[in-house]
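With the first letter of the sequence shown counted as 1, position 98 gets the number 282 in the numbering used here; the numbers rise by one all the way through. To start, the structure itself, in C-alpha coordinates.
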Amino acid sequence: MPPLKPYSAELTYSYAPGLFPSMALMQHAPQRALRLLLSSRAQGEGVEKLRELCRRHRVREETADRVLARISGKQNCFAAVVFEKWQSDLEPQAPHVVLHHPMDEGNLGSIQRTLLGLGVRDLAVIRPSADPFDPKVVRAAMGAVFGLRVRLYDDFEQYRAAYPGHHLYPFMLDGSTRLEEAQILRPFALVFGNEGSGLPAAFAQMGQAVRIPHNDLIDSLNLSVAVAIGAYHFLNASAKEE
185 MPPLKPYSAE
195 LTYSYAPGLF
205 PSMALMQHAP
215 QRALRLLLSS
225 RAQGEGVEKL
235 RELCRRHRVR
245 EETADRVLAR
255 ISGKQNCFAA
265 VVFEKWQSDL
275 EPQAPHVVLH
285 HPMDEGNLGS
295 IQRTLLGLGV
305 RDLAVIRPSA
315 DPFDPKVVRA
325 AMGAVFGLRV
335 RLYDDFEQYR
345 AAYPGHHLYP
355 FMLDGSTRLE
365 EAQILRPFAL
375 VFGNEGSGLP
385 AAFAQMGQAV
395 RIPHNDLIDS
405 LNLSVAVAIG
415 AYHFLNASAK
425 EE
(Lines of atoms letter the chains of each structure in order from A; the text may use other names.)
(Lines give C-alpha, C1' and ligand atoms only; values in the text may rest on other atoms or scores of the structure.)
Protein backbone atom coordinates (compact mmCIF):
# COMPACT_ATOMS: atom_id res chain seq x y z
CA MET A 185 0.00 0.00 0.00
CA PRO A 186 1.21 3.59 -0.57
CA PRO A 187 2.82 5.46 2.33
CA LEU A 188 0.44 7.22 4.70
CA LYS A 189 0.29 11.02 4.60
CA PRO A 190 -0.30 13.54 7.38
CA TYR A 191 -4.03 14.13 7.62
CA SER A 192 -5.73 16.75 5.47
CA ALA A 193 -9.35 17.23 4.51
CA GLU A 194 -8.51 16.40 0.88
CA LEU A 195 -7.48 12.83 1.68
CA THR A 196 -9.95 10.02 1.07
CA TYR A 197 -8.91 8.40 4.35
CA SER A 198 -8.36 9.40 7.96
CA TYR A 199 -7.16 7.94 11.26
CA ALA A 200 -8.91 6.77 14.41
CA PRO A 201 -6.13 7.39 16.95
CA GLY A 202 -6.29 5.59 20.26
CA LEU A 203 -7.54 2.22 21.40
CA PHE A 204 -11.13 3.24 22.18
CA PRO A 205 -11.82 5.09 18.88
CA SER A 206 -10.20 2.21 16.97
CA MET A 207 -12.41 -0.32 18.74
CA ALA A 208 -15.49 1.82 18.00
CA LEU A 209 -14.58 1.81 14.32
CA MET A 210 -14.13 -1.95 14.20
CA GLN A 211 -17.39 -2.55 16.07
CA HIS A 212 -19.62 -0.08 14.16
CA ALA A 213 -18.04 0.22 10.70
CA PRO A 214 -15.39 -2.49 10.12
CA GLN A 215 -15.99 -2.32 6.37
CA ARG A 216 -14.34 1.13 6.37
CA ALA A 217 -11.12 -0.04 8.04
CA LEU A 218 -8.01 -0.09 5.82
CA ARG A 219 -4.99 -0.67 8.10
CA LEU A 220 -4.22 -1.24 11.77
CA LEU A 221 -1.24 0.74 13.06
CA LEU A 222 0.34 -0.46 16.30
CA SER A 223 3.09 0.86 18.51
CA SER A 224 5.97 -1.48 19.25
CA ARG A 225 5.00 -0.96 22.90
CA ALA A 226 1.33 -1.90 22.39
CA GLN A 227 0.20 -4.66 24.70
CA GLY A 228 -2.66 -5.71 26.95
CA GLU A 229 -6.12 -7.22 26.66
CA GLY A 230 -7.60 -4.26 24.78
CA VAL A 231 -4.87 -4.36 22.15
CA GLU A 232 -5.40 -8.09 21.64
CA LYS A 233 -9.15 -7.59 21.21
CA LEU A 234 -8.49 -4.93 18.60
CA ARG A 235 -6.00 -7.16 16.77
CA GLU A 236 -8.49 -10.04 16.76
CA LEU A 237 -11.24 -7.81 15.32
CA CYS A 238 -8.89 -6.64 12.61
CA ARG A 239 -7.81 -10.17 11.77
CA ARG A 240 -11.45 -11.22 11.55
CA HIS A 241 -12.15 -8.47 9.03
CA ARG A 242 -8.85 -8.99 7.18
CA VAL A 243 -7.42 -5.60 8.08
CA ARG A 244 -3.68 -5.46 7.57
CA GLU A 245 -1.62 -4.93 10.76
CA GLU A 246 1.71 -3.12 10.90
CA THR A 247 4.07 -1.57 13.45
CA ALA A 248 4.17 2.20 12.91
CA ASP A 249 5.59 4.17 15.85
CA ARG A 250 6.48 7.24 13.80
CA VAL A 251 3.13 7.47 12.06
CA LEU A 252 1.26 7.11 15.36
CA ALA A 253 3.29 9.93 16.94
CA ARG A 254 2.73 12.13 13.91
CA ILE A 255 -1.02 11.69 13.57
CA SER A 256 -1.78 11.90 17.30
CA GLY A 257 0.80 14.49 18.34
CA LYS A 258 1.46 12.33 21.40
CA GLN A 259 3.95 9.69 22.44
CA ASN A 260 1.38 7.54 24.23
CA CYS A 261 -0.83 6.63 21.26
CA PHE A 262 -0.41 2.87 20.94
CA ALA A 263 -2.93 2.09 18.19
CA ALA A 264 -4.85 3.65 15.31
CA VAL A 265 -6.97 2.33 12.49
CA VAL A 266 -6.79 3.96 9.08
CA PHE A 267 -10.29 4.25 7.66
CA GLU A 268 -11.99 5.29 4.46
CA LYS A 269 -14.00 8.50 4.84
CA TRP A 270 -17.66 8.53 3.86
CA GLN A 271 -20.84 10.54 3.83
CA SER A 272 -24.28 9.12 4.60
CA ASP A 273 -27.79 10.06 3.59
CA LEU A 274 -29.69 11.12 6.70
CA GLU A 275 -32.75 9.18 7.78
CA PRO A 276 -35.77 11.04 6.33
CA GLN A 277 -38.08 10.61 9.33
CA ALA A 278 -35.51 10.74 12.14
CA PRO A 279 -34.54 13.77 14.25
CA HIS A 280 -31.64 15.74 12.76
CA VAL A 281 -29.08 18.00 14.38
CA VAL A 282 -27.72 20.65 12.02
CA LEU A 283 -24.50 22.48 12.90
CA HIS A 284 -24.02 25.74 11.00
CA HIS A 285 -20.30 26.58 10.69
CA PRO A 286 -18.99 24.80 13.82
CA MET A 287 -15.27 25.52 13.98
CA ASP A 288 -14.05 24.05 17.27
CA GLU A 289 -12.78 20.49 16.88
CA GLY A 290 -13.25 19.61 20.54
CA ASN A 291 -16.85 20.83 20.47
CA LEU A 292 -17.60 18.86 17.34
CA GLY A 293 -16.19 15.69 18.87
CA SER A 294 -18.15 16.19 22.11
CA ILE A 295 -21.34 16.78 20.13
CA GLN A 296 -20.87 13.57 18.16
CA ARG A 297 -20.42 11.56 21.33
CA THR A 298 -23.40 13.19 23.05
CA LEU A 299 -25.71 12.61 20.09
CA LEU A 300 -24.78 8.94 19.85
CA GLY A 301 -25.38 8.56 23.60
CA LEU A 302 -28.83 10.16 23.31
CA GLY A 303 -29.75 8.11 20.27
CA VAL A 304 -29.70 10.92 17.69
CA ARG A 305 -27.94 9.30 14.76
CA ASP A 306 -28.28 11.98 12.05
CA LEU A 307 -25.88 14.93 11.91
CA ALA A 308 -25.65 17.58 9.18
CA VAL A 309 -22.63 19.89 9.16
CA ILE A 310 -22.72 23.11 7.14
CA ARG A 311 -19.39 24.29 5.72
CA PRO A 312 -17.13 26.07 6.42
CA SER A 313 -16.62 23.99 9.51
CA ALA A 314 -14.31 21.80 11.50
CA ASP A 315 -13.80 18.45 9.79
CA PRO A 316 -15.87 15.63 11.36
CA PHE A 317 -13.25 13.12 10.18
CA ASP A 318 -10.16 14.95 11.44
CA PRO A 319 -8.27 12.58 13.79
CA LYS A 320 -8.53 15.19 16.58
CA VAL A 321 -12.31 15.19 16.25
CA VAL A 322 -12.48 11.39 16.00
CA ARG A 323 -10.44 11.10 19.19
CA ALA A 324 -12.45 13.78 21.03
CA ALA A 325 -15.61 11.90 20.06
CA MET A 326 -14.11 8.60 21.25
CA GLY A 327 -15.08 7.13 17.88
CA ALA A 328 -18.76 8.10 18.12
CA VAL A 329 -18.74 9.25 14.49
CA PHE A 330 -18.68 5.60 13.41
CA GLY A 331 -22.15 5.12 14.89
CA LEU A 332 -23.64 8.22 13.23
CA ARG A 333 -24.99 9.17 9.82
CA VAL A 334 -23.00 12.30 8.94
CA ARG A 335 -23.29 14.52 5.88
CA LEU A 336 -21.50 17.74 4.95
CA TYR A 337 -23.29 20.50 3.03
CA ASP A 338 -21.87 23.55 1.30
CA ASP A 339 -24.70 25.76 2.64
CA PHE A 340 -27.91 25.50 4.64
CA GLU A 341 -30.07 25.75 1.53
CA GLN A 342 -28.52 22.52 0.25
CA TYR A 343 -29.52 20.72 3.46
CA ARG A 344 -33.02 22.24 3.36
CA ALA A 345 -33.56 21.15 -0.24
CA ALA A 346 -32.66 17.58 0.72
CA TYR A 347 -35.03 17.45 3.73
CA PRO A 348 -37.86 19.95 3.17
CA GLY A 349 -40.25 18.02 5.43
CA HIS A 350 -38.31 18.58 8.64
CA HIS A 351 -39.66 21.22 11.03
CA LEU A 352 -36.85 23.64 11.83
CA TYR A 353 -35.95 24.73 15.37
CA PRO A 354 -33.09 27.27 15.20
CA PHE A 355 -31.47 27.83 18.60
CA MET A 356 -30.96 31.59 19.00
CA LEU A 357 -31.91 34.55 21.16
CA ASP A 358 -33.73 36.89 18.78
CA GLY A 359 -37.41 36.20 18.19
CA SER A 360 -37.23 32.95 20.06
CA THR A 361 -39.46 30.91 22.36
CA ARG A 362 -38.28 29.40 25.63
CA LEU A 363 -37.22 25.79 25.08
CA GLU A 364 -39.86 24.33 27.39
CA GLU A 365 -42.62 26.30 25.64
CA ALA A 366 -41.79 25.19 22.09
CA GLN A 367 -44.43 23.19 20.24
CA ILE A 368 -42.66 20.08 18.98
CA LEU A 369 -43.56 18.86 15.51
CA ARG A 370 -41.97 15.79 13.93
CA PRO A 371 -39.77 15.13 12.15
CA PHE A 372 -37.65 17.94 13.54
CA ALA A 373 -34.24 19.44 12.87
CA LEU A 374 -32.44 21.27 15.67
CA VAL A 375 -30.21 23.96 14.17
CA PHE A 376 -27.23 25.39 16.07
CA GLY A 377 -24.84 28.16 15.06
CA ASN A 378 -21.16 28.90 15.29
CA GLU A 379 -19.52 28.90 18.75
CA GLY A 380 -18.75 32.62 18.62
CA SER A 381 -21.37 34.23 16.40
CA GLY A 382 -24.34 31.88 16.67
CA LEU A 383 -26.84 31.68 13.84
CA PRO A 384 -27.34 34.55 11.36
CA ALA A 385 -30.42 36.71 12.08
CA ALA A 386 -32.26 35.29 9.05
CA PHE A 387 -32.69 31.97 10.87
CA ALA A 388 -35.18 33.62 13.25
CA GLN A 389 -37.68 33.52 10.37
CA MET A 390 -37.11 29.83 9.67
CA GLY A 391 -39.33 27.49 11.61
CA GLN A 392 -39.73 28.11 15.34
CA ALA A 393 -36.71 29.78 16.93
CA VAL A 394 -36.04 28.58 20.47
CA ARG A 395 -33.69 29.54 23.26
CA ILE A 396 -32.30 27.80 26.33
CA PRO A 397 -32.93 30.12 29.30
CA HIS A 398 -29.95 30.99 31.50
CA ASN A 399 -29.15 33.79 33.92
CA ASP A 400 -27.21 36.93 33.04
CA LEU A 401 -24.00 35.78 34.72
CA ILE A 402 -22.94 34.29 31.38
CA ASP A 403 -23.50 35.52 27.84
CA SER A 404 -24.14 32.10 26.29
CA LEU A 405 -23.78 28.36 26.76
CA ASN A 406 -20.99 26.31 25.22
CA LEU A 407 -22.16 24.87 21.90
CA SER A 408 -21.76 21.24 22.91
CA VAL A 409 -23.72 21.91 26.13
CA ALA A 410 -26.50 23.66 24.20
CA VAL A 411 -26.77 20.74 21.77
CA ALA A 412 -26.95 18.28 24.65
CA ILE A 413 -29.71 20.23 26.45
CA GLY A 414 -31.69 20.87 23.28
CA ALA A 415 -31.51 17.31 21.97
CA TYR A 416 -32.38 15.78 25.34
CA HIS A 417 -35.39 18.06 25.80
CA PHE A 418 -36.78 17.45 22.32
CA LEU A 419 -36.33 13.69 22.52
CA ASN A 420 -37.85 13.50 26.00
CA ALA A 421 -40.79 15.81 25.24
CA SER A 422 -41.64 14.13 21.94
CA ALA A 423 -41.51 10.68 23.58
CA LYS A 424 -44.06 11.82 26.18
CA GLU A 425 -46.42 12.95 23.43
CA GLU A 426 -46.49 9.54 21.74
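C-beta: ideal position from N, C-alpha, C; glycine also.
- request: May I ask you to verify whether the stretch 199-214 touches the stretch 322-337, counting CB pairs closer than 8 angstroms and requiring at least 3?
  value: yes
Strand pairing of ASP306, partner residues [DSSP]: Answer is HIS280 and ARG333.
- request: Taking only the alpha-carbon atoms, compute the straight-line gap between THR196 and ARG216 and give it to the nearest angstrom.
  value: 11 angstroms
message: Suppose you measure from the CA of GLY349 to the CA of LEU407; what does that come to, to the nearest Å?
response: 25 angstroms
message: Please list the terminal residues of the continuous alpha helix (DSSP H) segment that includes LEU209.
response: 203-212
For TYR353: DSSP bridge partner residues: LEU374
field: C-alpha distance - LEU252 paired with ALA393, whole-angstrom precision
entry: 44 angstroms
- request: Indicate the three-state DSSP secondary structure (helix, strand or coil) for SER381 in the structure shown.
  value: SER381 falls in the coil class under three-state DSSP.
field: Selection from ALA373, ILE413, VAL243 and PRO214 that minimises the alpha carbon distance to HIS284
entry: ALA373
query: Quick one: what's PHE387 bridged to in DSSP?
result: Note: PHE387 sits in no beta bridge, so no partner.
task: May I ask you to report which of helix, strand or coil DSSP gives PHE340?
output: helix
field: Nearest candidate by alpha-carbon position, reference TYR191, set PRO316, ASP273 and GLN389
entry: PRO316
- prompt: Less than 8 angstroms separating the beta-carbons of MET207 and LEU234?
  reply: In this structure, LEU234 lies closer than 8 angstroms to MET207 by Cβ.
query: Residues in its own chain within less than 7 angstroms of ALA314 by CB, not counting five upstream and five downstream?
result: If you ignore the 5 residues before and after ALA314, its C-beta comes within less than 7 angstroms of the C-beta of PRO286, MET287, ASP288, GLU289, LEU292 and VAL321, all in its own chain and listed in chain order.
task: May I ask you to report which of helix, strand or coil DSSP gives SER313?
output: coil
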